[in-house]
Amino acid sequence: MDRFFNIRIRSRRCLPALLGLMLFIGSAQAVAAISVAAEFEQRLLPSLEVELSCGEGHEANRITKLTQPGRQVLYPDDLGLSTSGCRLKANLPKGYSVTYGVEEITGSIADRKGCRFTQTEPGRPQECRMSVKQDPVLLRVYKKWIGGSGEEQDVRIMLECESGKYSGFRYINEGSPDGWEISDIHPDGILCNVTEQLRDNFEADIIDCQGLYVLPGKGEECTLLNTKIVKRIEMLNRYGKVIMIVLVLAVGLIAMGRLNPGNV
């Protein structure tokens, strides 16, 4: 009984030391961590590549591929230079842009180059927010008239694509091109066709505006060729003044002859 009592007393006396040892072990096991919270549409960007760089010149780096939106924890201590600060950024393909954000705490900075953490310490919560969007591209259409003379009315054009967002008709003429901003483009690109509303005063050649291959970050342009149809009325208008003058002279001579038959 006395022996058991002595063991309990010794255990109580050792309790503070045991707690201190546990805290020491826990702090030794704690590591610095940086979490990335990424927002992107998988149908437009299947995966997002993020790069963590540490050291004074960010010479130590590691690339991680995020296969879905959400939060993921990265451990800069694995790079061995985290005490000098780290930078986290997104490596984007052409046609995409990103905005960064961090918590407003000392040592955390967000700019156009990424998230910078000047202090990476165990137990210090640090997060880099990334919002990725696809940039719209421009599809521009030009008009060229062949033959004839005079100005022509604007021609209405239409756009059809496999997918992507765009809206409305456009009206173009020679020297006044127009087009569409296309967004929500599949990563592998989409095919588009431009057509125009036909009229009876021209023949349309739209081959240059068919099968346009639009990619993220890469727009397109084309030219619609219209050959004017010269009608007979246009020929009469062109030589009408000369014909009218000749007719007036002829009628005048005939009238004078009737009024003065003896002089004829």
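Every letter in the sequence shown is one number past the one before it in my numbering, and letter 230, counting from 1, is 1473.
The C-beta atom is built at its ideal place from N, Cα and C for all residues, glycine as well.
Taking 8 Å as the limit between beta carbons, can you name the residues of its chain near residue i, skipping five residues before and five after?
| i | result |
| --- | --- |
| Pro1459 | Leu1287, Pro1336, Lys1337, Gly1338, Tyr1339, Gln1377, Asp1378, Val1380, Ile1428, Pro1430 and Gly1432 |
| Val1457 | Val1380, Leu1382, Cys1404, Gly1407, Ile1425, Ile1428, Gly1432, Ile1433, Leu1434, Cys1435 and Glu1463 |
| Phe1412 | Arg1399, Ile1400 and Met1401 |
| Leu1467 | Val1384, Tyr1385, Lys1386, Lys1387, Val1398, Ile1400, Ile1415, Val1437, Glu1439, Ala1447, Asp1448, Ile1449, Asp1451 and Cys1452 |
| Ala1280 | Gly1313, Arg1314, Glu1370, Cys1371, Arg1372 and Met1373 |
| Arg1355 | Tyr1343 |
| Leu1455 | Leu1382, Leu1434, Cys1435, Asn1436, Val1437, Glu1463 and Cys1465 |
| Pro1289 | Thr1310 and Pro1430 |
| Thr1443 | Just to set this straight, residue 1443 is Asp in the shown sequence, not Thr. Closer than 8 Å at Cβ, skipping near neighbours: Ile1472. |
| Ser1419 | Lys1386 and Asp1397 |
What residues match up with residue i in a beta bridge as DSSP calls it?
| i | result |
| --- | --- |
| Lys1471 | Phe1445 |
| Thr1438 | Met1401 |
| Ile1352 | Arg1359 |
| Lys1461 | Leu1458 |
| Cys1329 | Cys1297 and Phe1360 |
| Ile1277 | Leu1317 |
| Leu1382 | Trp1423 and Glu1463 |
| Ile1206 | One cannot answer for residue 1206 here, as it falls past the ends of the chain, which runs 1244 to 1507. |
For residue i, which residues in the same chain have their Cβ closer than 7 Å to its Cβ, ignoring the five residues on either side in sequence?
| i | result |
| --- | --- |
| Ile1350 | According to the sequence provided, residue 1350 is Gly. The question's Ile does not apply to it. Closer than 7 Å at Cβ, skipping near neighbours: Phe1360, Thr1361 and Gln1362. |
| Glu1417 | Lys1386, Lys1387 and Trp1388 |
| Phe1445 | Asn1469, Thr1470, Lys1471 and Ile1472 |
| Thr1342 | Ser1374 |
| Leu1441 | Ala1447 |
In terms of residues, what are the limits of the beta strand (DSSP E) holding residue i?
| i | result |
| --- | --- |
| Thr1307 | Ala1303 to Leu1309 |
| Lys1240 | This structure leaves residue 1240 out entirely; the chain is present only between 1244 and 1507. |
| Glu1346 | Looking at the DSSP string, Glu1346 is not in any beta strand (DSSP E), and its letter there is neither H nor E. |
| Gln1315 | Gly1313 to Leu1317 |
| Arg1286 | First-last for Arg1286: undefined, no H or E at that position. |
| Lys1236 | Residue 1236 is absent from the model: the chain starts at 1244 and stops at 1507. |
| Glu1424 | Asp1421 to Ile1425 |
Assuming residue i and residue j are in contact, meaning their beta carbons sit under 8 Å apart, how far apart are those beta carbons, in whole angstroms?
| i | j | result |
| --- | --- | --- |
| Val1345 | Arg1372 | 7 Å |
| Val1437 | Val1384 | 6 Å |
| Leu1291 | Leu1309 | 4 Å |
| Val1293 | Ala1353 | That belief does not hold up - the Cβ atoms of Val1293 and Ala1353 are roughly 14 Å apart, past 8 Å. |
Return the chain-ordered list of same chain residues with a C-beta closer than 6 Å to the C-beta of residue i, the five sequence neighbours on each side being excluded.
| i | result |
| --- | --- |
| Gly1391 | Lys1471 and Val1473 |
| Glu1282 | Pro1312 and Ser1374 |
| Asp1421 | Arg1413 and Ile1415 |
| Ser1278 | Arg1314, Val1316 and Glu1370 |
| Cys1358 | Leu1331, Tyr1343, Val1345 and Cys1371 |
| Trp1423 | Leu1382, Leu1402 and Tyr1409 |
| Arg1276 | One detail in the question is off: residue 1276 reads as Ala in this sequence, not Arg. Cβ neighbours of Ala1276 beyond the five flanking positions: Val1316 and Tyr1318. |
| Glu1394 | none |
If we define contact as Cβ-Cβ less than 9 Å, is residue i a contact residue for chain D?
| i | result |
| --- | --- |
| Leu1335 | Judged by its chain identifiers, the structure shown contains no chain D, having just a single protein chain. |
Cβ of residue i versus every heavy atom of the ligand MG: is any distance shorter than 8 Å?
| i | result |
| --- | --- |
| Leu1291 | No copy of the ligand MG occurs in the structure displayed, which carries no ligand at all. |
Next item on the list: Output the residue ranges of the beta strand (DSSP E) runs that lie fully inside the segment 1386–1415 and measure 3 residues or longer, sorted by chain position.
Entry: 1398–1404 and 1413–1415
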